[in-house]
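One structure is given here, and the rest of the page talks about it.
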């Protein structure tokens with residue numbers, strides 16, 4: 026006969042029992058709420074450093090590789106496969122995959138604050154931050170703010186400030202940019218799915234400094 030998905034001989038004395046068990050695993054994952062204030066965001070602050078091996082040759086690094094400045098003078102960087110060869114770009118050393126917050130003090134013609142997958146091209150046309158599907162960028166200039174991803178540009182409204190805050194929740198797929206002054210204003214938020222760690226970076230004609238929080 027057939028019982029509970031098991032065939033057995035009816036002529037053999039039943040020395041065992043057939044037990045059907047249905048197991049349902051329910052896992053409730055309780056994530057902390059998204060921070061709303063600067064004080065809450067700073068709890069997720071991360072210390073970042075710029076990677077000299079990625080810096081374009083018209084970028085000068087200083088302040089312990091926390092500050093980058095555009096310069097007309099070509100820098101004597103050695104050849105490296107990670108170096109951007111045709112743009113004024115640089116990436117940080119640190120790849121981010123959790124909840125992270127950082128702030129950037131900027132000045133000059135424009136500064137683009139970005140996050141990027143590490144495998145972004147270093148030589149090909151179209152490797153500029155925001156002009157591909159591997160990076161997300163916010164342009165800051167006297168003309169205002171512009172967000173760009175996959176070569177789609179969005180004009181962003183918000184108060185002008187020389188400081189921008191960036192909050193990443195990699196697991197939730199959110200990336201938020203803030204204008205930081207006496208008050209804090211959300212400029213733009215991205216909701217997507219990130220498939221790799223993200224590396225903060227800059228593309229600039231000016232100066233950008235990672236603020237110690």
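Numbering (our numbering), first residue to last: 26 to 238. For glycine and all other residues, C-beta sits at the position ideal for the given N, C-alpha and C. Being a predicted model, the structure only gives us computed values, none of them experimental.
{"query": "Cα-Cα separation, residue 189 to residue 136", "result": "10 Å"}
{"query": "Straight-line gap, residue 119 to residue 161 (C-alpha atoms, nearest Å)", "result": "16 Å"}
{"query": "Residue range of the unbroken alpha helix (DSSP H) whose run includes residue 216", "result": "No alpha helix (DSSP H) contains residue 216, which is instead part of the beta strand (DSSP E) from 209 to 216."}
{"query": "DSSP three-state assignment for residue 48, whether helix, strand or coil", "result": "In this prediction, residue 48 has a pLDDT of 41, which is less than 50 and means its spatial position is unreliable; what the coordinates show is noted afterwards. Three-state DSSP puts residue 48 in coil, outside helix and strand."}
{"query": "Residue 97: first and last residue of the uninterrupted alpha helix (DSSP H) it sits in", "result": "Unbroken run through residue 97: none, as it is neither H nor E."}
{"query": "Residue of 183, 80, 163, 124 minimising C-alpha distance to residue 148", "result": "80"}
{"query": "Residue 93 vs residue 233 beta-carbon contact at 8 Å", "result": "yes"}
{"query": "Residues that DSSP places opposite residue 126 in a beta bridge", "result": "70, 192"}
{"query": "DSSP-derived helix/strand/coil call for residue 225", "result": "strand"}
{"query": "Residue from 204, 210, 220, 219 with nearest C-alpha to residue 131", "result": "204"}
{"query": "Simplified DSSP assignment, three categories, for residue 63", "result": "helix"}
{"query": "Cutoff 6 Å; reference residue 221; Cβ partners in own chain excluding five residues on either side", "result": "142"}
{"query": "Under 8 Å between C-beta atoms of residue 181 and residue 192", "result": "no"}
{"query": "Buried or exposed (CB count within 10 angstroms, at least 16 for buried), residue 225", "result": "buried"}
{"query": "Simplified DSSP state of residue 179, which is helix, strand or coil", "result": "strand"}
{"query": "Nonlocal neighbours in the same chain, by C-beta distance under 7 Å from residue 183, ignoring five residues either side", "result": "170, 204, 210, 212"}
{"query": "Residue interval of the beta strand (DSSP E) (run including residue 169)", "result": "169 to 174"}
{"query": "Spatial distance of residue 144 from residue 152 (CA atoms)", "result": "10 Å"}
{"query": "Cut-off 7 Å between Cβ atoms - residues of its own chain near residue 216, not counting five sequence neighbours on either side", "result": "198, 199"}
{"query": "Residue 155 classed as buried or exposed, judged by whether at least 16 other C-beta atoms fall within 10 angstroms", "result": "buried"}
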